[in-house]
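Trainee: Take a look at the following structure, please.
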Amino acid sequence: MDGYSAHAILVEKISDAIQEVIKDHKVEYGSIVERAPPDKGDLTINAIRIARSDEAAIKLAEKIANVLTTRVDLIGKVYIENNYVNIKVDPYKYGVIVWNIVSNQKENYGFNPHPQPKNIIVEHTSANPVHPLHIGHLRNCVIGDALARILKARGHKVNTHFYVDDVGLQMAYAAYGFEKAAMLQKDIKPDHYVGLLYAATNAVVNVYLLRKEREKANPEERARIDKELSEWLWVSKELMEKDEEIFTVIANAAMHEDPYARICDINRAYEAGEEWAVALVRRVANLCIDGFKKTLERLGISFDSWDWESEVTTWNGLVTEVLRGLRQSGLVIEKQGALIFEADKLAESHEIRQKLGLPRNYGISRLTLVRSDGTTLYPTRDIAYTLYKFQTGADKVINVVGAQQALEQIQVRLALYALGKAKEAENTIHFAYEMVTLPGVKMSGRRGRYVSADELLDEAVKRAGEELVKRGLELAENRDVAEKVGLGAVKFALLSISPSRPLMFSWDKVLDFDKNSGPFVQYAYVRARSVLRKAGSLKPLVTEGAFGEDERKIVFLVGYFPEVVAKSADELKVELIPQYLNELALAFNKYYDEVPILKAETLEKVQARLALTLMVAVTLENGMKLIGIEPPHRM
RNA sequence: GGGCCCGUGGCCUAGCAUGGAAAGGCGUCGGCCUCCGGAGCCGGAGUGCGAGAAAAACGCACGGAUAACCCGGGUUCAAAUCCCGGCGGGCCCGCCA
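Quick look at the structure:
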């Protein structure tokens with residue numbers, strides 16, 4: 000059997016058959032054949048949407064129903080309800096097609112190539128190498144990874160990139176801390192170590208700067224400064240409690256010099272590529288990245304490319320080129336030695352707004368490109384980086400970046416326009432996701448306040464292990480199972496909520512083991528595999544009349560999978576996959592409960608049901624892999 | 001001050017681009033293992049008082065319970081969905097990233 004999607008074949012047949020009947024009506028929307036709600040069959044056609052009036056809809060529905068019953072052999076039953084034509088597939092005739100495609104595709108089932116595949120770069124995670132990955136990054140990471148996998152399953156050529164933000168003040172802060180405290184030799188995971196250095200330096204320097212500012216401040220300003228100061232003193236206290244030694248060493252060092260001046264010097268020298276600064280900064284950054292890689296490896300997430308900001312934007316002169324181009328655009332002004340890009344002016348153009356999909360009144364502000372001391376700012380380098388991505392051959396660039404950065408992402412695209420890179424601007428997509436918030440506290444890397452990804456994963460695996468023990472499995476022999484289940488729970492939870500929705504973190508939400516969860520899907524999969532194992536030498540086989548009404552829903556759902564992949568990829572909706580998997584798992588669990596598989600009355604029935612079970616197992620497995628969840632063999 | 005995102009049963013989450021039957025889960029109550037793995041499956045929707053042997057029905061009281069689209073307008077045959085105006089929560093408007 001050719002083809003990747005039985006569902007597509009089915010829908011095409013239905014559409015062809017009803018062409019004649021609906022040709023007098025103007026159909027303004029994409030698909031007239033939709034999925035039906037539960038208990039209304041498999042597919043549905045809304046006659047009123049086509050006919051536009053009640054009486055016409057009734058007649059039209061009848062005509063459609065007639066045509067479908069007589070002309071589409073894959074359909075088993077058609078009935079009209081409230082102006083809807085509800086359709087049930089013929090479980091056997093349609094099931095054979097689904098079975099053939101699944102049998103051919105096997106571990107690739109779900110692969111559903113786009114007619115025009117593209118070269119796509121997915122940039123995600125891209126955490127600053129100054130602290131460990133925390134829950135927010137984890138949301139980014141898990142979404143980005145799944146997105147890349149899904150786009151590949153849609154036939155696109157995908158490259159994942161991690162942008163290492165090694166240029167900028169934040170890096171210099173961490174480097175300063177490292178310079179002062181390197182001799183301490185802490186025995187902790189390197190990124191956590193760097194995180195402590197970074198937070199301690201931030202606290203020390205902020206207190207230093209605020210005190211200095213306070214001396215020359217007038218009374219009103221003092222009130223504000225005192226407030227900030229007391230907050231940073233509180234942060235300092237927290238950090239002292241975490242690691243007194245680190246904090247003290249950095250605080251002492253800062254008493255004998257101007258720490259901020261030193262930090263700015265590190266920043267300037269690093270950007271200029273001076274050897275001493277490069278050695279210092281790279282040591283810290285690499286320490287942190289070693290830590291990232293450990294976490295990522297555990298998550299089963301890897302990158303095709305690690306792009307060092309310093310290399311791909313600064314030292315190679317690309318950012319200088321960008322600045323030259325922007326100056327020529329006439330949209331750059333100079334103010335006290337700093338360069339400012341008038342993004343707001345460019346955004347006045349209706350045409351550009353439209354092309355970039357900006358809402359009419361979206362407020363755009365100016366963007367400082369270069370500081371008075373000649374160093375560049377993050378968005379400036381980001382413009383260069385975006386160009387760099389296209390230079391490597393990408394048709395499309397997807398940036399998985401927090402929604403807080405929406406304005407910056409738009410400014411970058413406006414800058415591309417100013418540079419005459421309209422195509423690049425239009426093919427740069429900000430895939431925004433909302434923050435993960437902790438109840439009560441505000442997460443902040445600078446303040447050392449975060450729940451790290453490592454802690455979260457440890458806790459998840461620990462809880463999964465406890466569940467295993469409850470079910471009589473020895474933990475010692477099942478560490479890998481606990482790992483898969485724990486991580487599966489976390490990933491599923493992070494993926495099933497739309498990225499546009501803010502996520503209030505809670506252990507219960509992220510570590511769910513009930514329905515609508517990673518473990519639930521894994522469990523259904525394990526059951527299916529277990530049945531197949533028990534079948535021994537009995538092979539799955541589909542013979543005449545193999546599937547009946549009992550199998551209909553599952554046959555339909557399995558056939559629908561490649562459609563979900565296509566939709567998920569084309570609309571960049573990762574959450575469709577976990578939703579689908581939950582639905583299939585639910586349907587299979589029900590089937591498992593109600594219908595005997597190995598004890599079916601005839602050999603043919605047993606083999607047919609094994610075939611169904613195999614299809615479910617393959618689909619669940621492939622679906623889980625699409626979102627980076629590992630299917631366990633037992634649990 | 002301007003802008004962006006979010007607001008769906010007690011709680012969490014789909015649905016909104018393309019208007020047309022509001023879908024899952026959690027919780028709660030009650031069932032289902034001589035069966036292939038129970039991390040499962042199926043079903044239900046309140047409480048108190050009165051009279052009464054008891055149940056149903058009934059009456060009274062409280063409640064969101066044939067339980068939900070933040071509120072108010074508008075467009076439409078039709079609005080959770082589109083438009084306008086509010087409200088609530090988050091975020092952004094930096095010579096931070």
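Yeah, the first sequence ends on 634 if you go by numbering that gives the first Met the number 0, and it's all consecutive.
Glycine included, every Cβ here is placed at the ideal spot set by N, Cα and C.
So, using beta-carbon positions, are Met-623 and Val-554 closer together than 9 Å?
Mentor: no
Trainee: Starting from Ser-304, follow its DSSP beta bridges and name the residues at the other end.
Mentor: His-160
Trainee: Does the ligand MN have a heavy atom nearer than 8 Å to the CB of Gly-356?
Mentor: Of ligands this structure carries none, so the ligand MN is not represented either.
Trainee: Less than 9 Å between the C-beta atoms of Met-170 and Val-203, yes or no?
Mentor: no
Trainee: With H, G and I counted as helix, E and B as strand and the rest as coil, what does DSSP make of His-429?
Mentor: strand
Trainee: Using a Cβ-Cβ cutoff of less than 6 Å, which residues in the same chain neighbour Leu-9 once the five nearest sequence positions on both sides are dropped?
Mentor: Hits under 6 Å: Leu-73.
Trainee: Between the alpha carbons of Glu-227 and Ser-516, how many angstroms are there, rounded?
Mentor: Each residue's CA atom was taken as its position, placing Glu-227 and Ser-516 some 42 Å apart.
Trainee: To the nearest angstrom, how far is the alpha carbon of Thr-436 from that of Lys-422?
Mentor: 36 Å
Trainee: Taking just the CA atoms, how far does Ala-424 sit from Leu-355?
Mentor: If you take the alpha carbons of Leu-355 and Ala-424, they lie about 8 Å apart.
Trainee: Would you mind working out which of Ala-481, Thr-313, Ala-463 sits nearest Trp-506, comparing C-alpha positions?
Mentor: Ala-463
Trainee: Under 8 Å: do the stretch 137-155 and the stretch 486-493 share three or more Cβ pairs, one atom per stretch?
Mentor: For the pair of segments examined, the stretch 137-155 was found to touch the stretch 486-493: the number of CB pairs separated by less than 8 Å reaches three.
Trainee: Shortest alpha-carbon distance to Asn-85 belongs to which of Gln-521, Asn-111, Ala-60, Thr-43?
Mentor: Thr-43
Trainee: Between the Cα of Arg-532 and those of Ser-443, Leu-609, Ala-586, spot the shortest distance and give me the residue it belongs to.
Mentor: Leu-609
Trainee: Touching or not, the stretch 157-173 and the stretch 298-308, by the rule of three or more beta carbon pairs under 8 Å?
Mentor: yes
Trainee: Can you tell me where the alpha helix (DSSP H) with Ile-628 in it begins and where it stops?
Mentor: First-last for Ile-628: undefined, no H or E at that position.
Trainee: Quick check on this structure: which residue in Leu-317, Ser-567, Val-411 has the alpha carbon closest to the alpha carbon of Leu-345?
Mentor: For the residues Leu-317, Ser-567, Val-411, the minimum Cα distance to Leu-345 belongs to Val-411.
Trainee: So Thr-643 is in the beta strand (DSSP E); what residue range does that whole segment cover?
Mentor: The question about residue 643 has no answer, for the chain in this structure spans 0 to 634.
Trainee: Of the residues Glu-550, Val-460, Pro-501, which one's Cα is nearest the Cα of Leu-510?
Mentor: Its Cα nearest to that of Leu-510, the residue Val-460 stands out among Glu-550, Val-460, Pro-501.
Trainee: DSSP on Lys-87, reduced to helix/strand/coil?
Mentor: strand
Trainee: Does the pairing of the stretch 92-105 with the stretch 351-367 give three or more beta-carbon distances under 8 Å?
Mentor: no
Trainee: Put Arg-365 into one of helix, strand or coil per three-state DSSP.
Mentor: coil
Trainee: Leaving out five residues on either side along the sequence, give the residues of the same chain with a beta carbon under 6 Å from the beta carbon of His-160.
Mentor: Ile-120, Glu-122, Ser-304, Asp-306
Trainee: Since Phe-246 is in the alpha helix (DSSP H), which residue starts that stretch and which ends it?
Mentor: 243-254
Trainee: Note down, one range per segment and in chain order, each alpha helix (DSSP H) of at least 4 residues found wholly within the stretch 490-578.
Mentor: The stretch 490-578 contains these whole alpha helix (DSSP H) runs: 506-509, 517-533, 548-569.
Trainee: How is Tyr-377 classed by DSSP in three states: helix, strand or coil?
Mentor: The DSSP-derived three-state label of Tyr-377 is helix.
Trainee: Out of Lys-508, Phe-512, Arg-448, Arg-551, which has the shortest C-alpha to C-alpha gap to Leu-467?
Mentor: Phe-512
Trainee: Go ahead and pull the three-state DSSP assignment for Leu-338.
Mentor: strand
Trainee: Relative to the alpha-carbon of Lys-538, which residue among Tyr-559, Ala-607, Ala-5 has its alpha-carbon at the smallest distance?
Mentor: Ala-607
Trainee: When the Cα of Pro-131 is compared with those of Val-193, Glu-476, Ile-428, which residue comes out closest?
Mentor: The residue from Val-193, Glu-476, Ile-428 with its alpha-carbon nearest to that of Pro-131 is Val-193.
Trainee: Ile-110 and Pro-561: beta carbons closer than 9 Å?
Mentor: It should be pointed out that residue 110 corresponds to Phe in this sequence rather than to Ile. In contact: Phe-110 and Pro-561 (Cβ atoms closer than 9 Å).
Trainee: So Val-71 and Lys-22 are supposed to be a Cβ contact under 8 Å. How far apart are they, rounded?
Mentor: No, Val-71 and Lys-22 are not in contact; Cβ-Cβ is about 17 Å, not under 8 Å.
Trainee: Enumerate in chain order the residues of its own chain whose CB-to-CB distance from Leu-284 is below 6 Å, with the five nearest sequence positions on each side excluded.
Mentor: The question names Leu, yet the displayed sequence has Ala at residue 284. Excluding positions up to five away in sequence, the list reads Pro-128, Asp-165.
Trainee: Does the Cβ-Cβ distance between Leu-378 and Glu-407 come in under 9 Å?
Mentor: The sequence given here has Pro at residue 378, not Leu. In this structure, Glu-407 lies closer than 9 Å to Pro-378 by Cβ.
Trainee: Determine contact between the stretch 247-256 and the stretch 202-219, defined as no fewer than three beta-carbon pairs at a distance below 8 Å.
Mentor: yes
Trainee: For the putative contact between Thr-313 and Arg-380, defined by C-beta atoms under 8 Å, what is the C-beta separation to the nearest angstrom?
Mentor: In this structure Thr-313 is in contact with Arg-380, their Cβ atoms being roughly 6 Å apart against a cut-off of 8 Å.
Trainee: Report the option in Tyr-522, Glu-473, Gly-290 whose CA atom is closest to the CA atom of Ser-451.
Mentor: Gly-290
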